[in-house]
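Throughout the sequence shown, residue numbering follows the working numbering, covering 13 to 513 in sequence. Just so you know, even glycine gets a beta-carbon here, dropped at the ideal spot from N, CA and C.
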Amino acid sequence: MDLSLLDITGDCHSDPQTLEKFSRDMSAYRIVPALVVEPKTEEDVIKTVQFTGKEGLSIVPRSGGSDLSGASIGPGVILNFKKHLNQPLVVDQETIVQPGMILADLVKQLSDHSLMLPAIPSSNPICALGGNVGTRAVGPKTAKYGTIDAFVTSLRFVTARGEVVDTNRSLPEYLETGLRKIQQAYLADEAGRAIVARRPHIAGGYNLKAFEQYDQMGELAAHLLIGSVGTLGIVTEIRLKPIELRASKGTLVAHFRDYDEFTEASLRLKELDPAALEYSDASCCRHVDGTILNLEDPDIVATLVAEFDDSAEKVQTGREIIAGYDIARLWEINAGSPEEAALWQDRRRIQPSLLKYCREHNLLLLPIIDDITIHVKDFGPVVRDLEDLMRRLGIEISFYGHAGFGSIHARPYFDPSHENLKEQIETVSRESFKILQNYHGTLVGEHNAGRSRSIYLREELGTAFAYLQEIKQLFDPDDILNPGTLFSNDPISTHMDFTVR
Ligand SMILES: Cc1cc2nc3c(=O)[nH]c(=O)nc-3n(C[C@H](O)[C@H](O)[C@H](O)COP(=O)(O)OP(=O)(O)OC[C@H]3O[C@@H](n4cnc5c(N)ncnc54)[C@H](O)[C@@H]3O)c2cc1C
């Protein structure tokens, strides 16, 4: 590799410590890159694309590096935006940010303007806007307000050829005509569209529904890039339309003894349009290192947290709905109270608490089926089927997620000394996929399609998978941008690292 060809103003690292640092994200994978580039300007990004073309290297755009599926690591160049291109350019009703800006910082700055961006992942102190766009980020309020897709108005990105595209302006001719052609084919393909429509509300892979939503090719390109895990273009500027800040009017916490009742209550509460409807199972509540969700009650199966931001009356209607079930406990938490803050802090602590439990018991919390989404009506049956599977395999599991849009973070605990660990991982993944197929659910839900799950997209999408290939072929025919993630056929345990950390 001739680094003198890479004439950039930003930084460039090939020392072993930096390469090791960027060999991981928050997933179970480890791949040591050839080079880490930290661009200072868009021109640096273009020059890096040209350089990788000459050197035959691939590029993985990376912002916060909190990806759970191994989508922000790779063997070529890691293009890290967090170091320099991390500034807000405008914070207003029409916000413009650089991709490396940490989400929590933007949330704070927006709230100073009485504005909010409701798609806030629990990882907001470490994740950044480029990755939020790359994964089509969601948060507890997504059931009511949508994913980040609903708030992005346009993007600037660098293509695999090294051109700058502003989706507000005209696209290069090949993208304009190519996208139009794919759109026409998709709209004429009733069977393909029916497959896509059957998937849960939040599901990963390229956003094919965008073909039905956008007539203007620039807009279509922007909304295809959102959730494309860095495989279609390198985003250099994000324009957002935040909404007016809405405060909580009260929160209900209910402990259920039965999953069917939990499911029915979730569906009924959803009709009240709560700001958030969150779920954690009994095992999660046992492990959580907190105050409100921390429970040792043997009588409960699941906890439901419902926050309302419309009116206090809705809180009372929600209370009446929940009180009609055989619940172990129901709490009403006042808006703005210390208990409300403690509750959301507990919610954010679930994953760290599970990790701590694993460290203490020498277990691995591998995120392999952590990204399930289903139709909300199937909550009880899906969790029961997954519990049965884990019982048969002798594996402990915890579940939590966003009941409001059918998200289940299923977290099995693996023993690193198991003699067939890789086989066990493949079995858990494959058998879980089969269960979800029965319910039109997906393993590629909220967090995106990366190494740990994209292998199932081909089966899940059937004939509609061809559109994903056509889109990739149009934007990046030489597979330079983040190869091995969305279209990988490798067994999911390939490149996994089993160190307990
Ligand atoms: C504790 C924890 C909790 C989490 N909770 C949630 C949650 O509630 N909701 C949720 O959605 N996710 C959650 N996640 C997953 C992850 O944090 C999100 O997907 C987040 O949006 C990723 O942002 P990032 O900046 O860290 O992305 P990165 O890891 O840097 O990248 C993610 C993907 O986006 C691509 N990408 C990054 N920057 C660019 C760019 N400039 N141009 C093009 N592509 C780019 C990367 O190539 C990669 O494929 C959680 C993760 C952790 C560890």
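Exercise for the section: Verify the contact flag: Pro-51, CB atom, against every heavy atom of ligand 1, threshold strictly below 6 angstroms. Expected result: Here residue 51 refers to the residue found at position 39 when the sequence shown is read from its first residue. The answer is no for Pro-51.
Exercise for the section: Within 10 angstroms of the Cβ of Leu-264, are there 16 or more other Cβ atoms? Answer buried if so, exposed if not. Expected result: Start at 1 with the first residue of the sequence shown, and residue 264 comes out as number 252. Under a 10 Å Cβ-count criterion, Leu-264 is classified as buried, with 16 or more other Cβ atoms of the shown protein chains found around its own Cβ.
Problem - Cutoff 6 angstroms; reference Pro-137; Cβ partners in own chain excluding five residues on either side - result: As a working note, residue 137 is residue 125 in the sequence shown. Closer than 6 angstroms at Cβ, skipping near neighbours: Ala-116.
Exercise for the section: Identify the continuous alpha helix (DSSP H) that holds Tyr-369 and give its terminal residues. Expected result: In the sequence shown, the residue the question calls residue 369 occupies position 357. Where Tyr-369 is concerned, the enclosing alpha helix (DSSP H) stretches over 350-372.
Practice task
Entirely within the segment 75-157 and at least 3 residues each: give me those beta strand (DSSP E) ranges in chain order.
Solution key: 89-92, 100-102 and 107-109
Exercise for the section: With DSSP collapsed to three states, give me the class of Ser-292. Expected result: Within the sequence shown, numbered from 1, the residue matching residue 292 stands at position 280. Reduced to three states, the DSSP call for Ser-292 is strand.
Exercise for the section: For Gly-239, I'd like the list of residues in its chain whose CB is within less than 6 angstroms of its CB, leaving aside the five on either flank, ordered along the chain. Expected result: Looking up residue 239 in the sequence shown gives position 227. Cβ within range, chain order: Arg-148 and Asn-219.
Handout entry: Residues near Trp-343 by beta carbon distance below 6 angstroms, same chain, minus five either side
Key = Within the sequence shown, residue 343 is the residue found at index 331, counting from 1. Taken in chain order, the residues that qualify are Val-265.
Practice task
Note down, in chain order, each residue of its chain lying with its Cβ closer than 6 angstroms to the Cβ of Gly-151, except the 5 sequence neighbours on either side.
Solution key: For the purposes of this step, residue 151 is taken as the residue at position 139 of the sequence shown. These residues qualify, in order along the chain: Ala-131, Ile-132 and Pro-133.
Handout entry: Meets three-Cβ-pair contact criterion under 8 angstroms: the segment 310-324 and the segment 169-187
Key = no
Handout entry: Segment limits, alpha helix (DSSP H) that includes Asp-272
Key = On the sequence shown, residue 272 is found 260 positions in, with the first residue counted as 1. Counting along the chain, the alpha helix (DSSP H) containing Asp-272 begins and ends at 271-282.
Exercise for the section: Return the first residue and the last residue of the alpha helix (DSSP H) that Leu-376 is part of. Expected result: Your numbering for residue 376 matches position 364 in the sequence shown. Unbroken run through Leu-376: none, as it is neither H nor E.
Practice task
Have a look at the DSSP bridge pairing and note the partners of Ile-384.
Solution key: For the purposes of this step, residue 384 is taken as the residue at position 372 of the sequence shown. Per DSSP, Ile-420.
Problem - 6 angstroms CB neighbourhood of Glu-408 in its chain, flanking five on each side removed - result: Locating residue 408 in the sequence shown gives position 396, where the first residue counts as 1. Beyond the five residues adjoining it in sequence on each side, Glu-408 comes within less than 6 angstroms, by CB distance, of Tyr-425 in the same chain, given in chain order.
Exercise for the section: Give a single yes or no on whether Glu-458 has its beta carbon closer than 6 angstroms to a heavy atom of ligand 3. Expected result: Among the ligands in the structure shown, ligand 3 does not appear; only ligand 1 can be found there.
Problem - Counted within 10 angstroms of its Cβ, other Cβ atoms place Ala-233 as buried (16 or more) or exposed - result: Here residue 233 corresponds to residue number 221 of the sequence shown, with the count starting at 1. Burial call: buried.
Handout entry: Buried versus exposed call for Arg-371 [16 or more other C-beta atoms within 10 Å across all chains shown]
Key = If you number the sequence shown from 1, residue 371 lands on position 359. With fewer than 16 other Cβ atoms within 10 Å, it is exposed.
Exercise for the section: Measure the CB-CB distance between Pro-379 and Leu-80 and report whether it falls below 7 angstroms. Expected result: The count along the sequence shown starts at 1 and reaches residue 379 at position 367. The count along the sequence shown starts at 1 and reaches residue 80 at position 68. For the 7 angstroms CB-CB criterion, Pro-379 and Leu-80 form a contact.
Problem - Inter-stretch contact at 8 angstroms, needing at least 3 Cβ pairs: the segment 438-455 / the segment 398-405 - result: Result yes; three or more Cβ-Cβ pairs closer than 8 angstroms.
Practice task
Run the CB neighbour count on Glu-50, radius 10 Å, all protein chains shown included, and call it buried at 16 or more, exposed below.
Solution key: The sequence position of residue 50 within the sequence shown is 38, counting from 1. So Glu-50 ends up on the buried side.
Exercise for the section: Check whether the Cβ of Pro-73 sits closer than 6 angstroms to any heavy atom of ligand 1, and report yes or no. Expected result: Numbered from 1 along the sequence shown, position 61 holds the residue referred to as residue 73. Pro-73 Cβ: within cutoff of ligand 1.
Problem - Option nearest Phe-477 by Cα separation, candidates Ala-288, Thr-511, Arg-205 and Pro-286 - result: Against the sequence shown, residue 477 aligns to sequence position 465. The residue with the shortest Cα to Cα distance from Phe-477 is Arg-205.
Problem - Closer than 6 angstroms: Arg-363 CB and nearest ligand 1 heavy atom - result: Start at 1 with the first residue of the sequence shown, and residue 363 comes out as number 351. Sequence check: residue 363 is Gln here, not Arg. Answer for Gln-363: yes, Cβ within range of ligand 1.
Handout entry: Where Glu-32 sits in the DSSP three-state scheme
Key = By one-based count along the sequence shown, residue 32 stands at place 20. Correct three-state label for Glu-32: helix.
Practice task
Provide the residue span of the beta strand (DSSP E) that contains Tyr-412, from first to last.
Solution key: Taking the sequence shown and counting its residues from 1, the one referred to as residue 412 is at position 400. That run of the beta strand (DSSP E) goes 409-414.
Exercise for the section: Please state if the CB of Phe-391 and the CB of Thr-506 are separated by a distance shorter than 7 angstroms. Expected result: As a working note, residue 506 is residue 494 in the sequence shown. As a working note, residue 391 is residue 379 in the sequence shown. No, they are not a contact pair.
Problem - Minimum C-alpha distance to Tyr-157 - residue among Asn-494, Arg-423 and Phe-417 - result: Translated into positions along the sequence shown, residue 157 becomes position 145. That would be Phe-417, whose Cα lies nearest to the Cα of Tyr-157.
Practice task
Identify the continuous alpha helix (DSSP H) that holds His-235 and give its terminal residues.
Solution key: Counted from its first residue, the sequence shown places residue 235 at position 223. Looking at the DSSP string, the run of the alpha helix (DSSP H) that includes His-235 is 229-237.
Problem - Any 3 or more C-beta pairs closer than 8 angstroms across the segment 50-70 and the segment 83-91 - result: Yes: at least three Cβ pairs fall under 8 angstroms.
Problem - Contact check, Val-57 vs Thr-315, beta carbons under 7 angstroms - result: By one-based count along the sequence shown, residue 57 stands at place 45. By one-based count along the sequence shown, residue 315 stands at place 303. No, the pair does not count as a contact, with Cβ atoms beyond the cut-off.
Problem - Arg-74 beta carbon less than 7 angstroms from that of Asp-509 - result: As a first step, residue 509 must be located in the sequence shown, where it is residue number 497. As a first step, residue 74 must be located in the sequence shown, where it is residue number 62. Taking 7 angstroms as the Cβ cut-off, Asp-509 and Arg-74 do not qualify as a contacting pair.
Practice task
Report the residue from Asp-309, Tyr-337 and Leu-257 whose alpha carbon sits nearest the alpha carbon of Leu-281.
Solution key: Here residue 281 corresponds to residue number 269 of the sequence shown, with the count starting at 1. If we check each option's Cα against that of Leu-281, Tyr-337 comes out closest.
Practice task
Could you spell out the range, first to last residue, of the beta strand (DSSP E) harbouring Ser-166?
Solution key: Taking the first residue of the sequence shown as position 1, residue 166 is located at position 154. Taken as a continuous stretch (DSSP letters only), the beta strand (DSSP E) holding Ser-166 covers 164-170.
Practice task
Using beta-carbon positions only, say whether Ile-334 and Ala-287 come within less than 7 angstroms of one another.
Solution key: Taking the first residue of the sequence shown as 1, we reach residue 334 at position 322. Taking the first residue of the sequence shown as 1, we reach residue 287 at position 275. No, these two residues do not count as a Cβ contact at 7 angstroms.
Problem - Alpha-carbon spacing of Ala-422 relative to Leu-17, whole angstroms - result: Reading the sequence shown from its first residue, position 410 is the one you call residue 422. Reading the sequence shown from its first residue, position 5 is the one you call residue 17. If you draw a straight line from the Cα of Ala-422 to the Cα of Leu-17, it is about 46 angstroms long.
Exercise for the section: Return yes when the C-beta of Leu-80 is under 6 angstroms from any heavy atom of ligand 1, and no when it is not. Expected result: By 1-based counting over the sequence shown, the position of residue 80 is 68. Flag set: Cβ of Leu-80 near ligand 1.
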